[in-house]
Amino acid sequence: MLIDTHCHLNTIIKNEFDAPLPENFSELIQPYLDEARLHQVKHIINVGTSLIESINCVLLAKTFKNIWATLGTHPNDLTTDWKSDIVAYKKILQSTDKERIVGIGEIGLDYHYPDFDKQRQYDGFRAQIEVALEHDLPVVIHTRDAADETLHVIEEYKQDNIRGIIHCFSENAAFAKHARELGFLLGIGGPLTYPKNQYLRDIFIETPLESIVLETDAPFLPPQYMRGKKNTPAQIAYIGQFLADLKGVSLEEVARITTQNAVNLFRI
Ligand SMILES: [Zn+2]
């Protein structure tokens, strides 16, 4: 059994961001779930990026028993009104929907694009970590061009037993080591297969399977052989095999350990 620990099913079935799901969402999703099941991908963690997308994630998780939701606002999606997102997340976590919510994310810091508001990102990141801690949930962290600051924030919550995933890991070996020391798992998917990413392959050869979870970030970041196409959760099987070959172990071993890591973290 495999688990896609990071996917955006909402975005697979609709082209617009921050819009509600289409009425026939069940029909549209089903083929992707069937394809995933055919490739042994039994659970999918569908990750929120904004309030609207988080609500979409909850709706999908309530409709399909093998889809689980996370709630969170991505650093690039924090608006001036971000505090009202937090109020809404807290409210959802007080409802019966909370059974389908297994994490807070994706949250973090992204200093890549110009004109970002550093203070807002920092405050939004910390506020959402605190929601996770209050509800004993793991965090799904997005970090880009903000490595030191991200580790610094995680460090701040070390005593509170913060736990989670560094999603789409693309930092250096020192960051990988530090994150693992903080108990974090490293999420890896399509980028592991890209020719330019030898440094990532080197890091994942050295990283024990006990610290790794598999993710697609679908519809984004497809493996190299299908670049330019829409990524899907079924590709976890390809990523798992790629990682197994890289580490000289069997797919069964990769599946067993990385799935256990995900089950333990998300408690599904
Ligand atoms: Zn993502």
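In terms of this note's numbering, the sequence shown opens at residue 1 and continues consecutively.
Beta carbons: idealized from backbone N, C-alpha and C, even for Gly.
Values in this document were obtained by computation on a predicted structure and should not be read as measured data.
query, result
"Beta-carbon proximity check, Gly240 vs Leu2, cutoff 8 Å", "yes"
"Cβ-heavy atom distance, Val47 to ligand 1, below 7 Å", "yes"
"Simplified DSSP assignment, three categories, for Thr258", "helix"
"Contact belief for Phe169 with Ile154 at Cβ below 8 Å, rounded distance in angstroms", "That belief does not hold up - the Cβ atoms of Phe169 and Ile154 are roughly 14 Å apart, past 8 Å."
"Assumed close pair Ala237, Gln40 - CB separation to whole angstroms, cut-off 8 Å", "6 Å"
"Pick from Pro75, Tyr111, Glu99 that is closest to Ile67, judged by C-alpha positions", "Glu99"
"Backbone CA spacing between Asn56 and Thr258 [nearest angstrom]", "27 Å"
"Every unbroken alpha helix (DSSP H) inside the stretch 145–186 [4 residues or more]", "147–156, 173–181"
"Contact belief for Leu38 with Ala255 at Cβ below 8 Å, rounded distance in angstroms", "Actually they are not in contact, since the Cβ atoms of Leu38 and Ala255 sit about 15 Å apart, beyond 8 Å."
"Continuous alpha helix (DSSP H) stretch holding Asp123: start and end", "118–134"
"Ala69, DSSP secondary structure in three states", "strand"
"Nearest-angstrom beta carbon gap, Gly124 and Thr271 [assumed within contact, 8 Å]", "No answer is possible for residue 271: the residues shown for the chain start at 1 and end at 268."
"Cβ shell of Leu28 (< 6 Å), same chain only, five flanking positions each side left out", "Ile13"
"Alpha-carbon to alpha-carbon, Lys230 and Gln284", "Absent from the structure is residue 284, since the part of the chain shown begins at 1 and ends at 268."
"Cβ-Cβ separation, Phe175 to Ala132 (assumed contact under 8 Å), whole Å", "At roughly 21 Å, the Cβ-Cβ gap does not stay under 8 Å, so Ala132 and Phe175 are not in contact."
"Alpha helix (DSSP H) segment containing Lys2, residue limits", "Looking at the sequence provided, one finds Leu at residue 2 rather than Lys. Element bounds for Leu2: not the alpha helix (DSSP H) but the beta strand (DSSP E), 2–7."
"As assigned by DSSP and simplified to three states, the class of Asn15", "coil"
"Sequence-distant residues of the same chain with beta carbon closer than 7 Å to Ser211, five excluded per side", "Arg180, Leu185, Leu186"
"Alpha-carbon to alpha-carbon, Glu252 and Leu9", "26 Å"
"Contacts around Lys247, its chain only, beta-carbon distance under 8 Å, and the 5 residues preceding and following it disregarded", "Phe204, Ile205, Leu209, Val254"
"Beta-carbon proximity check, Leu93 vs Thr150, cutoff 8 Å", "no"
"Distance cut-off 7 Å: Asp270 Cβ against heavy atoms of ligand 1", "The question about residue 270 has no answer, for the chain in this structure spans 1 to 268."
"Beta-carbon proximity list for Lys272, same chain, < 7 Å, skipping 5 on both sides", "The chain is shown from 1 up to 268; residue 272 falls before or after that span and cannot be answered."
"Proximal residues to Cys7 (C-beta, below 6 Å), its chain only, five neighbours per side dropped", "Ile44, Asn46, Thr216, Ala218, Pro233"
"Span separating the alpha-carbon of Ile107 from that of Ile141", "5 Å"
"Thr193 in three-state terms, based on DSSP", "helix"
"Enclosing beta strand (DSSP E) for Gly105 [first to last residue]", "101–110"
"Inter-residue Cα distance where the pair is Trp82 and Val249", "44 Å"
"Cα-Cα separation, Asn264 to Thr79", "33 Å"
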